[in-house]
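Residues 1 to 390 in the UniProt record's numbering are what the sequence shown lists, from first letter to last.
No residue lacks a Cβ here, since even glycine has one placed at the ideal position from N, Cα and C.
In this text, all values refer to a predicted model and were calculated from it rather than measured experimentally.
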Amino acid sequence: MATTTARLLNLLSLLQARRDWPGALLAERLQISHRTVRRDVDRLREMGYSIRATMGPDGGYRLHAGSELPPLLFDDDQVIALAIALQAATVTGAGIEEAAVRALTTVRQVMPSRLQHRLDAIRFTAIPPRTAGATPGSTSAQSTSSDSASVQSTFSDSTSCHSDALVALSMATHAREVLRFDYASVRPQTDSLEVPRPPRRVEPHHLVTSHGRWYLVAWDLEQGDWRLFRADRIRLRAPNGPRFAPRAIPGGDVAEFVAARFKGAGNANVWPCTGKVILSAPAWAMLPYAGDGAVEDLGPDRCSLESGSWSWIALAASFTRFDTDIDVVGPPELTAAFALLATRAAATAATAAAPAGTPAHTATAAAPAATATATATATATATEAEPTAP
């Protein structure tokens with residue numbers, strides 16, 4: 001019976017691995033006869049698996065989706081990945097948290113003890129992504145599709161992080177052991193004689209996942225400051241260093257700390273640049289696209305929006321995505337950013353309108369009036385005094 005069960009599991013694993021399997025190849029892989037292959041396929045069908053057969057000398061088998069979900073076969077890495085994904089899904093805010101908890105409980109109940117220990121070693125904080133302001137006119141289905149594609153590309157490229165690395169980072173974090181690692185640069189190496197950087201020495205405090213990536217929150221012993229390291233760029237060196245006394249995370253909340261670093265705001269979870277504008281549009285129409293900004297109703301077709309970004313130019317650009325008239329309330333740095341955007345836009349328009357082959361500097365110089373007009377128009381929208389340079 002044990003031999004039959006093992007053979008069925010091996011057959012199921014092969015059928016899940018590729019789309020089509022010739023019967024002769026299955027028999028060769030499993031080292032059984034063609035007749036035994038047919039018998040085992042029938043057994044899997046009785047268990048609920050939809051397996052279709054094609055006749056003839058080149059015939060074979062294909063595993064299809066059935067009307068009910070039959071038992072599935074996962075390897076160790078797939079089980080760990082599934083459990084981690086379910087654990088992270090409990091904080092997504094997508095309305096599936098309760099179902100994710102039930103599914104995680106079910107998976108843990110059937111896990112071999114070796115995998116339970118491995119999963120328990122990966123302790124992390126899942127941080128839901130900050131609500132971003134969408135572009136008016138986009139549908140929720142489009143937004144979901146875009147998010148899914150982004151997550152899929154994130155996990156399918158070189159930014160993926162193996163579960164063994166997550167285990168090592170998590171264990172060092174909870175053992176309070178100093179880590180030594182090489183940290184890959186995002187910039188290409190331009191000088192073959194460039195001296196490589198020495199290994200980083202950090203006190204790991206939290207392993208977090210956010211925006212489809214893994215991060216290590218740690219105190220950099222060389223820099224004397226808190227850092228956020230991408231786990232996929234970490235190459236650990238053995239052995240770990242001595243134990244250390246944990247430090248207090250700035251603000252006391254790791255999620256707030258990570259959110260602040262994503263905003264480029266240091267340790268405080270606030271945008272470095274915040275400004276306010278008045279939009280010629282109803283508040284109810286702007287609210288779904290305001291992200292973490294504050295919308296105030298000023299009348300039937302008028303509202304104010306206070307928002308932030310990592311730079312004044314980025315903030316001004318985020319406001320211009322609304323297809324409506326904009327009045328700048330302040331600060332003056334935001335007004336100056338609008339003026340600079342207008343200058344750049346006018347120069348771009350002049351370049352696009354120039355005959356083919358005209359140098360960019362010539363085309364730009366040919367439209368000084370347009371540039372000046374656009375700049376003056378943008379500056380005139382301010383209700384504050386003359387803008388100062390950012």
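Grouping DSSP H, G and I as helix and E and B as strand, with all else coil, what is residue i?
i, result
"Arg-62", "strand"
"Asn-10", "helix"
"Ala-126", "strand"
"Ile-326", "strand"
"Thr-274", "strand"
"Thr-36", "helix"
"Asp-77", "helix"
"Asp-120", "helix"
"Ala-88", "helix"
"Glu-46", "helix"
"Ala-165", "helix"
"Val-202", "strand"
"Arg-19", "coil"
"Ser-210", "strand"
"Asp-253", "coil"
"Ala-248", "coil"
"Leu-334", "helix"
"Ala-238", "coil"
"Val-41", "helix"
"Arg-344", "helix"
Report buried or exposed for residue i, applying the criterion of at least 16 other Cβ atoms within 10 angstroms of its Cβ.
i, result
"Gly-252", "exposed"
"Ser-145", "With a pLDDT of 29 at Ser-145, under the threshold of 50, the modelled position of this residue cannot be trusted; read the value that follows with caution. So Ser-145 counts as exposed."
"Met-286", "buried"
"Glu-203", "buried"
"Val-79", "buried"
"Trp-219", "buried"
"Asp-301", "exposed"
"Trp-284", "exposed"
"Asp-58", "exposed"
"Leu-9", "exposed"
"Asp-40", "buried"
"residue 413", "Any question about residue 413 goes unanswered here, given that the chain covers just 1 to 390."
"Thr-5", "exposed"
I need the straight-line Cα distance from residue i to residue j, nearest angstrom please.
i, j, result
"Leu-25", "Asp-75", "22 Å"
"Thr-54", "Thr-3", "27 Å"
"Val-107", "Ser-163", "17 Å"
"Ala-168", "Ala-337", "46 Å"
"Val-101", "Ala-350", "57 Å"
"Met-171", "Thr-324", "53 Å"
"Leu-104", "Glu-97", "10 Å"
"Arg-52", "Val-110", "29 Å"
"Asp-292", "Pro-331", "19 Å"
"Pro-199", "Asp-232", "16 Å"
"Gly-308", "Leu-315", "6 Å"
"Ala-317", "Ala-121", "44 Å"
"Arg-7", "Arg-29", "11 Å"
"His-206", "Phe-181", "16 Å"
"Leu-236", "Phe-262", "24 Å"
"Asp-157", "Val-329", "Residue confidence is low: Asp-157 scores 44 on pLDDT, short of 50, so the model does not pin down where it sits. No coordinate-derived value is stated."
"Thr-348", "Tyr-183", "39 Å"
"Val-178", "Pro-246", "11 Å"
"Ala-88", "Ala-126", "5 Å"
Validate contact between the region 335-348 and the region 284-296 using beta carbons, cut 8 Å, 3 pairs
Contact between the region 335-348 and the region 284-296 is absent: fewer than 3 CB-CB pairs across the two stretches fall below 8 Å.
Cβ pair count under 8 Å reaching 3, the region 194-210 against the region 246-260:
In short, these stretches touch, since the Cβ pair count reaches three.
So within the region 271-319, which uninterrupted beta strand (DSSP E) runs reach at least 3 residues, ignoring any that extend past its ends?
Scanning the region 271-319 for uninterrupted beta strand (DSSP E) segments of 3 residues or longer gives 273-279, 294-299 and 302-309, listed from N- to C-terminal end.
Contact between the region 271-280 and the region 213-228 is defined here as three or more beta-carbon pairs at a separation below 8 Å; is this criterion met?
Three or more beta-carbon pairs separated by less than 8 Å are not found between the region 271-280 and the region 213-228, which leaves the two stretches without contact.
The region 76-92 in contact with the region 32-47 per 3-pair CB rule at 8 Å
Under the Cβ criterion (8 Å, minimum of three pairs), the region 76-92 does not count as touching the region 32-47.
Would you be able to state if there are at least three C-beta pairs under 8 Å between the region 113-125 and the region 233-247?
As far as the Cβ criterion goes, the region 233-247 does not touch the region 113-125, which means the pair count is below three.
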